[in-house]
Amino acid sequence: MWAAVVKDASRAAKAEPARNPEALSPSSTLQFALSLRLLLAEMENNEVVISSCSSHDDENLYNYKQHPSISQELLLEDQLRRKLKFFFMNPCEKFWARGRKPWKLGIQLLKIVMVTIQLVVFGLSNQMVVAFKEENTVAFKHLFLKGYTDRMDDTYAVYTQKDVYDQIFFAVNQYLQLRNISVGNHAYEKKGVEHTAMAICQQFYKRGSICPGNDTFDIDPEIETDCFYIEPMMPLENRTLGKHDFNFTLDFHRLVTVQLMFNLKAINLQTVRHHELPDCYDFTLTILFDNKAHSGRIKISLDNDIAIRECKDWHVSGSIQKNTHYMMIFDAFVILTCLASLILCTRSVAKGIQLQRELVHFFLHYYKKEVSFADQMEFVNGWYIMIIVSDVLTIVGSTLKMEIQAKSLTSYDVCSILLGTSTMLVWLGVIRYLGFFQKYNLLILTLRAALPNVIRFCCCAAMIYLGYCFCGWIVLGPYHAKFRSLNMVSECLFSLINGDDMFATFARMQQKSYLVWLFSRIYLYSFISLFIYMVLSLFIALITDTYETIKVVMKMFPRTWDYILKNLKQHTNSKNWIGKMTGKFLYLNLLLKIV
Numbered sequence: 001m002w003a004a005v006v007k008d009a010s011r012a013a014k015a016e017p018a019r020n021p022e023a024l025s026p027s028s029t030l031q032f033a034l035s036l037r038l039l040l041a042e043m044e045n046n047e048v049v050i051s052s053c054s055s056h057d058d059e060n061l062y063n064y065k066q067h068p069s070i071s072q073e074l075l076l077e078d079q080l081r082r083k084l085k086f087f088f089m090n091p092c093e094k095f096w097a098r099g100r101k102p103w104k105l106g107i108q109l110l111k112i113v114m115v116t117i118q119l120v121v122f123g124l125s126n127q128m129v130v131a132f133k134e135e136n137t138v139a140f141k142h143l144f145l146k147g148y149t150d151r152m153d154d155t156y157a158v159y160t161q162k163d164v165y166d167q168i169f170f171a172v173n174q175y176l177q178l179r180n181i182s183v184g185n186h187a188y189e190k191k192g193v194e195h196t197a198m199a200i201c202q203q204f205y206k207r208g209s210i211c212p213g214n215d216t217f218d219i220d221p222e223i224e225t226d227c228f229y230i231e232p233m234m235p236l237e238n239r240t241l242g243k244h245d246f247n248f249t250l251d252f253h254r255l256v257t258v259q260l261m262f263n264l265k266a267i268n269l270q271t272v273r274h275h276e277l278p279d280c281y282d283f284t285l286t287i288l289f290d291n292k293a294h295s296g297r298i299k300i301s302l303d304n305d306i307a308i309r310e311c312k313d314w315h316v317s318g319s320i321q322k323n324t325h326y327m328m329i330f331d332a333f334v335i336l337t338c339l340a341s342l343i344l345c346t347r348s349v350a351k352g353i354q355l356q357r358e359l360v361h362f363f364l365h366y367y368k369k370e371v372s373f374a375d376q377m378e379f380v381n382g383w384y385i386m387i388i389v390s391d392v393l394t395i396v397g398s399t400l401k402m403e404i405q406a407k408s409l410t411s412y413d414v415c416s417i418l419l420g421t422s423t424m425l426v427w428l429g430v431i432r433y434l435g436f437f438q439k440y441n442l443l444i445l446t447l448r449a450a451l452p453n454v455i456r457f458c459c460c461a462a463m464i465y466l467g468y469c470f471c472g473w474i475v476l477g478p479y480h481a482k483f484r485s486l487n488m489v490s491e492c493l494f495s496l497i498n499g500d501d502m503f504a505t506f507a508r509m510q511q512k513s514y515l516v517w518l519f520s521r522i523y524l525y526s527f528i529s530l531f532i533y534m535v536l537s538l539f540i541a542l543i544t545d546t547y548e549t550i551k552v553v554m555k556m557f558p559r560t561w562d563y564i565l566k567n568l569k570q571h572t573n574s575k576n577w578i579g580k581m582t583g584k585f586l587y588l589n590l591l592l593k594i595v
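Here UniProt numbering is used: the sequence shown runs in plain steps of one and ends on residue 595.
Written out as structure tokens, the structure is:
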């Protein structure tokens with residue numbers, strides 16, 4: 001019977017398009033679905049009553065209908081139906097129904113403005129910090145690396161023993177003369193009253209005898225480390241230190257690495273112009289001479305590990321302190337707004353869970369039926385969960401931001417992650433309110449319905465993608481710079497899927513081995529053809545098909561639903577109509593999954 005009702009309704013919807021079709025929101029669908037389930041359960045019980053009373057007279061039937069338990073059941077059912085109807089209303093419908101003001105909507109709109117302003121202000125401040133770090137790193141490379149020019153980090157190397165010694169002692173002399181040559185406010189690190197020393201450490205094999213001409217070697221792979229230290233002193237006038245000033249020699253046959261390690265300090269004063277208090281920076285610099293390959297090429301790199309610390313004694317004249325207080329007051333107001341949003345959304349989630357339990361108990365007690373887990377989860381609003389998470393992140397991030405402004409903490413990275421993630425979730429939460437409009441709701445329903453199929457499709461496509469990654473890494477890695485590591489292979493292939501840098505990937509393939517070159521052509525052509533022309537096309541088709549299905553359902557559903565409710569009682573005259581309703585909730589479950 002139920003299949004017949006749905007079938008007749010679908011035919012009626014196709015034969016006569018709905019007048020004034022409206023967008024079908026998930027809340028209205030749940031409201032109708034749960035109401036129909038109550039109606040079906042009620043009609044099922046009534047059918048049992050009618051069947052059992054068919055052999056009795058009218059007086060017994062009247063007495064049975066007047067039984068107090070039936071009245072109580074109908075009263076509870078009406079109360080539950082009203083609760084369900086109100087629970088699944090949107091804020092506008094709740095306002096028109098009971099005059100309840102949409103506080104959560106107003107707070108979300110206020111919060112999105114405030115959180116965005118807070119993020120922009122912190123981003124501008126963090127931008128100065130990042131710029132100061134990068135500019136200092138570039139300055140140190142020019143100061144301590146002999147003959148360094150920009151953009152030569154991957155190619156900066158030496159090839160003779162003399163160049164190695166020259167580079168080492170050039171860095172040492174630059175370090176000793178830092179006060180006279182640096183244009184920045186750099187200084188040596190102090191521990192107590194003394195400056196920290198520069199450490200020069202060489203790592204080498206414990207024992208080794210190598211004779212390439214005879215194809216013989218004898219080596220102990222255990223690594224030993226030998227260090228000596230240079231204390232900062234008064235700048236040397238008219239002379240520099242050289243090899244003869246130190247007892248320092250290198251055995252290049254056993255040499256693995258040479259490291260020059262020293263610490264410097266600086267103060268970022270540019271924040272003063274932007275009405276912020278300056279930060280103090282600790283730079284831990286390491287100049288590495290890498291000879292691990294023993295290929296005749298020693299690569300040189302400079303690594304700068306930066307730590308931001310609170311300045312010990314500072315004083316700034318003017319209105320900077322007042323501006324800092326204003327920003328802290330604004331951050332406190334953001335925290336209060338997010339706290340109010342957190343309380344309201346938590347209360348709504350709790351009410352949904354409470355109503356869920358009432359519905360489960362009602363069906364189980366009066367109709368001896370269990371509500372499916374999927375239907376129970378409809379009472380847990382995922383949008384509220386996301387808003388709660390964003391509120392928690394915003395509160396923690398705003399607290400860290402206030403501590404940073406007060407110079408009690410300097411965790412810029414942690415604060416950036418918290419504020420950035422929370423702002424992203426706040427903007428995503430607005431999608432829920434856009435879903436109340438017809439056109440926007442179509443997009444949201446499409447994304448929601450297509451997501452399961454998209455995830456399954458991506459899992460299958462990932463197997464093919466990983467296969468190409470491993471194959472390209474092991475075969476093309478020795479001959480192509482973009483395939484040297486698994487991470488680089490994945491990035492290269494993902495770029496190819498999006499049509500980026502195709503010609504360069506083909507052109508940079510070395511032709512030393514014709515077999516590998518031929519394999520690379522087959523590999524690249526097959527990957528590009530498979531993923532661009534097949535995988536991506538199928539991916540788009542999945543979403544397009546879901547979009548068209550949603551459009552059809554949205555057009556036919558209002559008419560279909562009215563037709564079902566109108567003609568449902570016409571199919572209940574049969575004595576055993578319930579027995580024919582195998583899977584009577586199938587259509588509702590389908591609609592719940594689609595919408």
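Here a beta-carbon is modelled for each residue, glycine too, at the ideal position from N, C-alpha and C.
A contact between stretches requires three or more CB pairs, one per stretch, nearer than 8 Å, and the stretch 132-152 meets this requirement with the stretch 269-287. Counted as a single uninterrupted DSSP element, the beta strand (DSSP E) harbouring Leu-285 occupies residues 279-290. Look at Lys-299 here: in three-state DSSP terms it is strand. When only Cα atoms are considered, Phe-503 and Ser-495 end up about 12 Å apart. Val-129 is the residue among Val-129, Phe-373, Cys-471, Val-183 whose C-alpha sits nearest the C-alpha of Glu-276. Annotation: Leu-255 is outside any alpha helix (DSSP H); the continuous beta strand (DSSP E) that includes it extends over 255-268. Taking 8 Å as the upper bound for CB-CB distance, Gln-108 and Ser-341 are in contact here, some 7 Å apart. Counting along the chain, no alpha helix (DSSP H) covers Pro-221; the unbroken beta strand (DSSP E) around it starts and ends at 216-230. For Ala-504, the enclosing alpha helix (DSSP H) starts and ends at 502-507. About 6 Å separates the beta carbon of Tyr-523 from that of Gly-472, a gap short enough to meet the 8 Å contact definition. Straight-line measurement puts the Cα of Lys-407 at about 18 Å from the Cα of Leu-419. In the three-state scheme derived from DSSP, where H, G and I count as helix and E and B as strand, Gln-203 is classed as strand. In terms of Cβ geometry, Phe-87 and Leu-355 form a close pair [threshold 8 Å]. The stretch 507-523 and the stretch 477-487 touch, with no fewer than 3 CB-CB distances between them shorter than 8 Å. Distance check between Val-334 and each of Ile-455, Leu-400, Tyr-412 places Leu-400 closest, using alpha-carbon atoms only. Under the three-state reduction of DSSP, Gly-184 is assigned to coil, being neither helix nor strand. For Thr-137, the enclosing alpha helix (DSSP H) has its first and last residue at 103-144. Here Ile-306 is bridged, per DSSP, to Phe-283. Judged by beta-carbon spacing, Tyr-188 lies within the 8 Å limit of Leu-264, meaning their Cβ atoms are closer than that value. Taking C-beta atoms as the reference points, Ile-385 and Gly-429 fail to come closer than 8 Å. For a cut-off of 8 Å, the C-beta gap from Ile-230 to Met-198 is around 5 Å, short enough to register as a contact. With the rule of 3 Cβ pairs closer than 8 Å, the stretch 210-225 does not count as touching the stretch 176-185. DSSP lists Lys-191 as the bridge partner or partners of Glu-194. Inter-segment contact for the stretch 75-83 and the stretch 351-371 is present: three or more beta-carbon pairs are separated by less than 8 Å.
Sorting Val-371, Leu-74, Glu-222, Pro-278 by C-alpha distance to the C-alpha of Leu-255 places Glu-222 at the top. The continuous stretches of alpha helix (DSSP H) do not include Lys-312, and DSSP gives it neither H nor E. Between Thr-257 and Leu-302, the beta carbon gap of about 14 Å keeps them out of contact (Cβ cut-off 8 Å).
Residues Asp-279, Cys-280, Tyr-281, Asp-282, Thr-410 of the same chain have their beta carbon placed closer than 8 Å to that of Arg-309, with the five preceding and five following residues left out of the count. Residues Tyr-188, His-195 of the same chain have their beta carbon placed closer than 6 Å to that of Pro-232, with the five preceding and five following residues left out of the count.
Around the Cβ of Lys-101, a 10 Å sphere holds fewer than 16 other Cβ atoms; the residue is exposed.
By the Cβ neighbour-count rule, Val-489 is buried, with 16 or more other Cβ atoms within 10 Å of its own. A straight line joining the alpha-carbon of Val-380 with that of Asn-90 spans about 15 Å.
The beta carbon of Arg-297 sits closer than 7 Å to those of Ala-157, Tyr-159, all from its chain and outside the five residues before and after it, given in chain order. Sorting Val-535, Ser-520, Leu-518, Trp-517 by C-alpha distance to the C-alpha of Cys-460 places Val-535 at the top. Closest option to Phe-252, judged by alpha-carbon separation, among Ala-266, Tyr-205, Leu-75: Tyr-205. DSSP links Gly-352 through a beta bridge to no other residue.
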